Amino acid sequence: MTTATLERDASGLLPLWRAAQVFRLASLAYAGAVQWTVVDNYVNRTLSWVVFALMLVWSGTAGTLLAFGHRHRARIVAADVVVTLLLMASTLLVGGHNDYFSRHQTVPTTFWAANAVVSVAILLGPWWGMGAAALIGLSALAIVDQLDNLSFDATLPILLTVGLAVGMGSQIVRRARELLDRAIRLEAAATERERLAREVHDTTLQVLAFVRRRGAEIGGPTTELATLAGDQEDALRKLLSRQAGASRADQAAPKDLRSRLEQELPTDVSIAAPSHPMVLPEAVTNEIVAVVRAAVDNTQKHAGPGARSFVLLEDNDAEFVVTVRDDGVGFDPARLAEAEAEGRMGVSKSIRGRMTSIGGTVDLFAQPGEGTEWELHIPLEGTNRA
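When you line the sequence shown up against this note's numbering, it's residues 19 to 404, in that order.
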């Protein structure tokens, strides 16, 4: 077998598949012992040995392919079911008109036939495993004419139990592997964040701190530049600090939107909100806070002297609505399209992009001389609202 026929064990089920082949080997040994013991009761003894030889060949072929992760595993499992049914049907030829099988199991034995149930259950889960068990169990009873003894024969209950138990086990293994892969990805992401934080600290933050210090020393027009550099330095340090301490649980933890806005926004921004907490997962809250900050920063930079920002939070049951309004000079909304065409994507990327990433929408209302208003809509369905 070449490496091209093998696949990576992405599901984590390879140890379970290999354990199942140990069961296949044990069941084959049991079937061989039964064959040796009862062969004298068969009408066609030679054919019974041919059937056992086919069992031996198929057990070796299927066991090897399934144990080593063949990429066409689903086809092998389907063939396993078909081969099992055919070998069970051979009982009609081996037994002839002998009534021996009316009191005994089919030629392959129930123990060996359970391998097909185990394979289906590992591949597709408990429901399909029980379906395969019902097919094989009922077929076995029909072949030996024991369907009228369904309530007392243990064949079907045993196979159904095997399909259920092994299928549930495969599901547990899959989920455990998914959780492990997720933890590995999160660890890698955290490591990368820490690396980027170190690089930013060693480069960007030092440059901003230098501009802040030198601008204040020089004075004059550079004082405003020093203030802006200082604000960006503080904001970047807060961001890095939050990212460094964040974990997956933190990102999913519920946070009150109003409390976060009161912490993040300048004190001269007026915030109005319902009396009850407006709780969202922290990852969603972070994006909304960033959008509101971008809108407030836009007011401070472009709305004119003395312009103020006002933030209104509304809970409409199906969605949260956040309105950011200012009393500044306003602008023509057509300028946004012109800015995007010129490659200046600040508003589009910072506000519209962030809202899209959390499944929200944003509306802009602005006119020259009438201020600017951003209306953010955050649907609560799918956000794990606490």
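C-beta: ideal position from N, C-alpha, C; glycine also. Note that the structure is predicted; figures quoted are calculated from it, not measured.
Which term fits residue 66, buried or exposed, when burial requires 16 or more other beta carbons within 10 angstroms of its beta carbon? buried
Grab me the residues of residue 46's own chain with a C-beta within less than 6 Å of its C-beta, minus the 5 sequence neighbours each way, in chain order. Once the five neighbours on either side are set aside, the close Cβ partners of residue 46 are 77.
With burial defined as no fewer than 16 other Cβ atoms inside 10 Å of the residue's Cβ, what is the status of residue 298: buried or exposed? buried
When DSSP builds the beta bridges, which residues end up paired with residue 395? 339, 379
Just the C-alpha distance for residue 239 and residue 384, rounded to the nearest angstrom, thanks. Using only the alpha carbons, I get a separation of about 31 Å.
Does the Cβ-Cβ distance between residue 331 and residue 275 come in under 9 Å? yes
Rank 370, 372, 32, 394 by C-alpha distance to the C-alpha of residue 195 and give the top, closest one. For residue 195, the nearest C-alpha among the options comes from 32.
Considering only their Cβ atoms, is the gap separating residue 148 from residue 125 smaller than 9 Å? Against a cut-off of 9 Å, the Cβ pair of residue 148 and residue 125 comes out as no contact.
In the DSSP assignment, the beta strand (DSSP E) including residue 290 goes from what residue to what residue? 288-290
Taking three-plus beta-carbon pairs below 8 Å as touching, is the segment 198-209 in contact with the segment 159-169? Fewer than three Cβ pairs drawn from the segment 198-209 and the segment 159-169 lie within less than 8 Å of each other, which leaves the two stretches out of contact.
In the structure shown, what three-state DSSP assignment does residue 389 receive? coil
Does residue 388 pass the burial test, meaning 16 or more other C-beta atoms within 10 Å, or should it be called exposed? Taking all protein chains in view, the Cβ of residue 388 is surrounded by fewer than 16 other Cβ atoms within 10 Å, so the residue is classified as exposed.
DSSP three-state label for residue 98, please. If DSSP states are grouped into helix, strand and coil, residue 98 belongs with the helices.
Quick one: Cα of residue 96 to Cα of residue 62, how far? 29 Å
I need the boundaries of the alpha helix (DSSP H) containing residue 138, first residue and last residue. 128-142
Taking just the CA atoms, how far does residue 226 sit from residue 254? 10 Å
Residue 283 in three-state terms, based on DSSP: Taken through DSSP and simplified to helix, strand or coil, residue 283 comes out as coil.
Return the Cβ separation of residue 394 and residue 309 in integer angstroms, given the expectation that the two are a contact with Cβ distance under 8 Å. 6 Å
In the DSSP assignment, find the beta strand (DSSP E) that holds residue 328 and state where it starts and stops. 327-333
Proximity to residue 172 [Cα-Cα], best of 123, 137, 130, 41: 123
Shortest alpha-carbon distance to residue 317 belongs to which of 236, 92, 343? 343
Please classify residue 158: does DSSP put it in a helix, a strand, or coil? helix
Nearest candidate by alpha-carbon position, reference residue 128, set 156, 141, 143, 144: When each option's Cα is compared against that of residue 128, the closest is 156.
Tell me the rounded alpha-carbon separation between residue 392 and residue 374. 14 Å
Skipping 5 residues on each side, what residues in its chain have a beta carbon closer than 7 Å to that of residue 94? Only residues of its own chain outside the window of five on either side were considered, and among them 80, 83, 84, 88 have a CB closer than 7 Å to the CB of residue 94, listed in chain order.
Note down, one range per segment and in chain order, each alpha helix (DSSP H) of at least 4 residues found wholly within the segment 189-239. 222-236
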